[in-house]
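Chains as they are written, first to last, in my numbering: chain A, 1 to 516; chain B, 1001 to 1492.
Each remark here refers to the structure printed beneath this line.
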Amino acid sequence: MLAYVVRRLLLMIPTLLGITLLVFMLLALAPGGIGAGLTASSGQVDGSKLALQQAYLEDRYGLKDPVLVQYGRWLARIAPIKFGTPDQITLAGEHKSKPRAIDAPPLPEWFPLSDAAIAARDAATLKRGVVAAINETEREDAQRAYRRLETDYVSSRAAYRALTKKLGDELIEYAIAQQISGVRTSHGDCRFDVIATTPAKRDASNWAAIEALATQIDAAYIRALKSYQLIDVAFAAKPFREAGVAIVPGVISIGSPDLGVAFSKGRPSSVLIASALPVTILLNVIAFPIIYLIAVPSGVLAAARRGKWFDILSGGLFVALWSIPVVWSGVLAVGYLASNQYVGAFPVAGLHDSLADSWTFLPSFRDDGAFERGYLLDLFWHICLPVACLVYTGFAILAKQTRAAMLDNYSADYVRTARAKGVDRGTVAVHHVFRNSLLPVITVFVTVFPATLAGSIVIERIFSVPGMGSLLLEAITNRDRELVLANTFMVACVNLLALLLADILYAAADPRVSYE
Amino acid sequence: MTSKRPELRVISGIDAMRGVGATEPKGFWADAWSRVLGRTGAIIALGWIGVIAFLAIFAPLLASGHPLVLTDTATGTRSWPLFDNLSASDLLLVIGAVVGVPWVSFPLRIARSTRLAALLIAGLQAGLTVVASVGVAEWFGSPARDLALRQASREAWFAWAASGGVALLFALAAMFVSPFASRAARLVQVLIVAALCVVCLSQRWTPALVDVDRYSELEASGAATAIYTLVPWSPTQGRTSLNLVPPGTRLADKLPAFEGTVPGERRFVMGTDNVGRDALSQMLHACRLSISIGIVSTGLAVLIGVSVGALMGYFGGKVDLIFFRVVEIFMAIPVLFLLIVAAGVLPRNTYVMMAIIGCVTWTGAARFTRAEFLKLRSQDFVQSARAAGLPLRSILFRHMLPNGVTPVLVDSSFAVAAAITFEATLSFLGLGPEGQPSWGQLLASATGATGLFNWWLAIFPGLAIFLTVLSYNVLGEALRDAIDPKLRKAAQ
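Written as C-alpha cells, this is what we have:
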C-alpha cells in the first residue's frame, strides 16, 4: 500500500508539471504576451516613469525571454530542491533571493568605461564604501536598512536598464540611417553585438544623442554598481530568516516552494492562498458528508423499491436538481433568501459578521441575558446558503450510481441464497447488497469532487466568500500571472490528493483490491 | 378474445420470396430512437430543444427594433427596415433553415402523384427566399457588374425574381436531376449555395448602424406608422433612462413624452436589464449562442476525444501511457478552473469560447473510446481487417469506430448540457463573448451593484438555462436507457 501511495505521489509530479505548463502557455497566448497584465496595470504615468517601470518589470520577470525559459524559471522557484545561495524569507512570507549582478554597459568598443566606472568595478574601492554602509546598518534595524538598500538598488538598476534600452532605440535609428541590417531582435530591441562589428560613424545625424546617452549610462552604471555592492553585502549579512534546510551549504538546499509575489496585490501568493484555501476546503468538507448522506440512502431506497413511486420521484427530482445551474440557484438564494427585499434571513456576503471577532467561539448568553451567536455558529450561519447551493448537483450522479450498483447486486446469486435461507429483506439490503455496492459509490467521488470544487468557484463569487475561486477570478481579471499559476498549482494539488484518497478508500472498502 | 388473436394468413412461396408479410428489422439506432421517442419526458425535451433551435434561427426576425413595415404617412411609401438591417449571418441562417433543410430532407424518390405537392413546396421556398432579395440585388447592383444588370437591379421586381428564380431552380434540380438523388449530394449542394451566399453578402456583412429609437420617434410624431414583429425591441437597443424596468412596463410609464402615442403603449414584457435593454429580446437572441456553443463545442470535444481515444485503445502500450498522461493533466484540475483561465486571457468571442470549451472537455470522450477500443481490438473482425492489410485509417474509423462509438454518443447529450452550463457560468462571471446577448450575462445583472435584486433578470434567463440543460440531460438519460441492454433488462 505504501509503495502504491509513493508511486502515485511520484506520478503526480509530471501531471502537475503538465497542468502548470498548460496554464503558463495559455497565459502566454494572451494578447500582449505573458507580461501583458504587468505592463497594463501601470495606468496613468508619464513616459519616463513608464519606461523605468517597464525596464524594471522586464528585468525582474525576464519577460523578453522565451516562454519556456520563463516557465523553467518559475519551476525552479517551485521546486523543493534549490541550488545556489538560499533565499531569505521576510516576515510577510516574501522570498528574497540573492541580488543579481549588474551587466556591463553595451558597446565597450565604442564607448570605453570611464575611469570612475572602472574604479567602481574595482573590488578594493568598493569594499571601503561597503564597510561604511555596514557600520551604518548595524545601528539601524537590519531589515529596514535592507529594504532601503533594495529600493535604491531596484531603482538604480531600472534606471540603468531604461537608459540602455533608450540607447538601443537611438542605435536602431542610427543603424537604419547607416543601412546596417539585422539589428533588431524579435522583441524590437537593439542587438548591440551587431552594431559593435561596424565602425562608429561620428558624422551620423543622431550621434550627439547617442554620445550623450553613453555618458549617462556610464554614470548610471556606477550608481547601479555601488547600490549592488551594498545590497550584496547586506544580503550576505542575512537580515531575514534563511529559507529551507541546507544540504550542502551555499550549493544545494531543500526548501518550501516560492509561489512568487502577486503583483496585483503586492503580497506573496503563498500568503493569499494560505488564507483562501482553508475556506474552499471548509466548504467542500462540509458539503461532502451532506451529499453522501442524502444521495446514498435515496439510491439504496430507490433500488429496493425499484419502479415504485419513490424510485421514479427521486430519479426525476435528482435529474432536475442536477440540471439547475449553480449560478441560478446562487442568484436566487441571494435574491430571495439573503436580500432584505424578500426573506432576508441569511447574510448576503462574507464568512463572518463584522462583530464576530469580539464574540466568544461558542454560542453564549451575554451578561444582559441576550443571546450571542458566537464565532462558530456565525460561521455556519454564513456558509449555510453556499453549502446548500454546492451540494445539490452531486445528488444525481451519486444516487444513480448507488441505485445501479445495488440493482446489479440484487440479481446476484448470493442474494437469492441469502433470501432462501431466511435472511430478512433489510439485512440482505444492508449487509449483503449495500456492502458490495460500496465500490462504485467510492468511484463516483472521482467525478463528484472536481465538480463540487469547480462549483465552489461560482458559489464563492456569488456569496463573496474569500476562497480560492474568488482569488482566481480576481487574479484573472488583473492578469496576475503569479497568482493564477499559484492558484492552479494548489487546486491541482488538492484535487489530485483527493483522488488519491478515493483510491486508498477503494482498497480499504474492498479487500480484493490491492495495489501491490 | 378471439379478435385479439393474430390472424393467420396463408401466403404462397412466391409471396414469401417477394417478402410479403415480412417486417423490416430495425437498425440499432432506429431501434434506440424509437425507444427514446416512447418516453414522454424525452419527447417534451426534444420539443423544447426544437423551440430553442427555432428561436435561435429566427430571433432576428422575431425580436428586432426595426419595424417589419414602415409606412410614410405623408407619401404612403413603404419600406422594410427589418429585412434591410438583417446581418449577413442572420440572413444565411434564415435562408439555410427555410431552403436548406427542406432540400436536404426532401424525399429521395418522388411518386408522380406527389410531384405537384413538391412543386408547391418549391414555390413556397422560392417565395420565402425574398429574405435574400436585398442581398442578391445588391450583389447584382455592385459597380463591378455591367450597366444593364445594375439598372435592372434597381427595379423593385428584380431582386424578388432573381432570388425566387434561383431558389426554384435549385429545388427543381433537387427533385429531378439524378445527381441530387442522395442526401450527401444535396448537403454538398446546400453548402455550396451557402458559400455562394457568403460571397454575395460579404459586402454587407455588417449592416449600417441605425438609431433604432428613431422609429418610435417617427411614429410618435405621426410621420410614419410601423408594424413590428413579435418583440419590438432590439437586444442592443438600450436607454439608460429605461434601466431595470420591471416586466410589463409601458414605454410611456418611463418616458412621459410618449404618453398617448402608439409606441408609448409598447411594453417590456420581461423588463429591461441594467442598461435599459429589453430582456425578452435578449433572451430570444441568446438562444443562438446557447445552442450553437453546446453543439459545436461538444462536436469538437467528441472529435478530439474519439481520435485520441481510438489511438490509445488501438495501440495500447506506450502510446496509451503517453496520451493517458495528457488526459490526466486535463483531469488534474476542475474543468471550470481551466475554462476561466482560458476565457480570461483569450479574446472574448463566440468562436474562441466554442474552441476552449471543446479543447478542455474532450477527456470524457477519449476515455470512453479508449475503453471500447481496448475491448474491440482483440476481436476477430479487427484482427481480420488487420490481416487483410487495411490501412490504419480504415481499421480505426470504418471498422472499429461504428462498434465503439455508442457510449460517446450517449455521453455527448450530457456533454452538450454541460457545455451550455459552462457558457452560462462564464458569461455570468463576465468572461463570455462580448457584444452578444447571453442568458448568463442577463442573470449576472439580477444582483446589481446597487444591491437590489431584480427578480425578472433572475427568473427568466435562469429558467431558460435550466430548461435547456434539463432537456439535454433528460434526452441523454432516455438515450442511455434505450441503448444500455443491461439497464433495459433491469427495467423490465
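Where a beta carbon is used, it is the ideal one built from N, C-alpha and C, also for glycine.
Neighbour list for residue i in chain B, Cβ cutoff strictly below 7 Å
{"i": "W328 of chain A", "result": "L1443, G1462, I1465, F1466"}
{"i": "S339 of chain A", "result": "F1453"}
Buried or exposed (CB count within 10 angstroms, at least 16 for buried), residue i
{"i": "M1 of chain A", "result": "exposed"}
{"i": "A3 of chain A", "result": "exposed"}
{"i": "R416 of chain A", "result": "exposed"}
{"i": "H187 of chain A", "result": "exposed"}
{"i": "Q1383 of chain B", "result": "exposed"}
{"i": "S1413 of chain B", "result": "buried"}
{"i": "R202 of chain A", "result": "exposed"}
{"i": "V1275 of chain B", "result": "exposed"}
{"i": "K49 of chain A", "result": "exposed"}
{"i": "Y342 of chain A", "result": "exposed"}
{"i": "A124 of chain A", "result": "Its pLDDT being 42, under 50, A124 of chain A is placed unreliably by the model, and the measurement read from it follows with that caveat. Classification of A124 of chain A: exposed, given that the 10 Å Cβ count is below 16."}
{"i": "L10 of chain A", "result": "exposed"}
{"i": "L1479 of chain B", "result": "buried"}
{"i": "F1466 of chain B", "result": "buried"}
{"i": "I247 of chain A", "result": "exposed"}
{"i": "D141 of chain A", "result": "exposed"}
{"i": "M1283 of chain B", "result": "buried"}
{"i": "R128 of chain A", "result": "With a pLDDT of 46 at R128 of chain A, under the threshold of 50, the modelled position of this residue cannot be trusted, and the question is left open."}
{"i": "K400 of chain A", "result": "buried"}
Residue i vs residue j beta-carbon contact at 8 Å
{"i": "L1339 of chain B", "j": "I1322 of chain B", "result": "no"}
{"i": "G255 of chain A", "j": "K82 of chain A", "result": "yes"}
{"i": "T1447 of chain B", "j": "G1404 of chain B", "result": "no"}
{"i": "V491 of chain A", "j": "I1333 of chain B", "result": "yes"}
{"i": "Y392 of chain A", "j": "I324 of chain A", "result": "yes"}
{"i": "G374 of chain A", "j": "W359 of chain A", "result": "yes"}
{"i": "P239 of chain A", "j": "Y146 of chain A", "result": "yes"}
{"i": "A1224 of chain B", "j": "L1336 of chain B", "result": "no"}
{"i": "E242 of chain A", "j": "A209 of chain A", "result": "no"}
{"i": "R73 of chain A", "j": "G62 of chain A", "result": "yes"}
{"i": "L113 of chain A", "j": "L163 of chain A", "result": "no"}
{"i": "V327 of chain A", "j": "V458 of chain A", "result": "yes"}
{"i": "A1355 of chain B", "j": "L1300 of chain B", "result": "yes"}
{"i": "A1063 of chain B", "j": "L1392 of chain B", "result": "no"}
Cβ separation of residue i and residue j, assumed to be a contact under 8 Å, to the nearest whole Å
{"i": "A1415 of chain B", "j": "T1361 of chain B", "result": "6 Å"}
{"i": "F1373 of chain B", "j": "G1313 of chain B", "result": "2 Å"}
{"i": "L1442 of chain B", "j": "L1457 of chain B", "result": "6 Å"}
{"i": "R8 of chain A", "j": "L500 of chain A", "result": "5 Å"}
{"i": "G1248 of chain B", "j": "V1269 of chain B", "result": "7 Å"}
{"i": "E1423 of chain B", "j": "L1303 of chain B", "result": "Rounded, the Cβ-Cβ distance is 19 Å, inconsistent with contact."}
{"i": "F395 of chain A", "j": "L321 of chain A", "result": "6 Å"}
Residues sharing a beta bridge with residue i, DSSP
{"i": "H95 of chain A", "result": "A:I89"}
{"i": "R184 of chain A", "result": "A:C190"}
{"i": "G1238 of chain B", "result": "B:R1277"}
{"i": "A1226 of chain B", "result": "B:L1070"}
{"i": "I254 of chain A", "result": "A:I81, A:V245"}
{"i": "S1079 of chain B", "result": "B:L1070"}
{"i": "V261 of chain A", "result": "A:P268"}
{"i": "T1298 of chain B", "result": "DSSP output for T1298 of chain B lists no bridge partner at all."}
{"i": "R1250 of chain B", "result": "B:R1267"}
Amino acids of chain A, ordered along the chain, whose beta-carbon sits closer than 7 Å to that of residue i
{"i": "N1473 of chain B", "result": "V319, W322, S323"}
{"i": "A1424 of chain B", "result": "P325, V327"}
{"i": "V1469 of chain B", "result": "S323, P325"}
{"i": "E1328 of chain B", "result": "T15"}
{"i": "I1293 of chain B", "result": "Result: empty, since nearest Cβ-Cβ is about 14 Å, beyond 7 Å."}
{"i": "I1357 of chain B", "result": "Result: empty, since nearest Cβ-Cβ is about 13 Å, beyond 7 Å."}
{"i": "L1336 of chain B", "result": "A454, I457"}
Chain-ordered neighbours of residue i on chain B, where CB pairs are closer than 9 Å
{"i": "G335 of chain A", "result": "A1446, T1447, F1453, N1454, W1455, A1458"}
Residues that residue i contacts on chain A, provided the C-beta gap is smaller than 8 Å
{"i": "V1341 of chain B", "result": "V23, L26, L27, L472, I476, V484, T488"}
{"i": "E1477 of chain B", "result": "V319"}
Proximal residues of chain A, C-beta to C-beta of residue i below 9 Å
{"i": "R1325 of chain B", "result": "L11, P14, T15, G18"}
{"i": "G1440 of chain B", "result": "P325, V327"}
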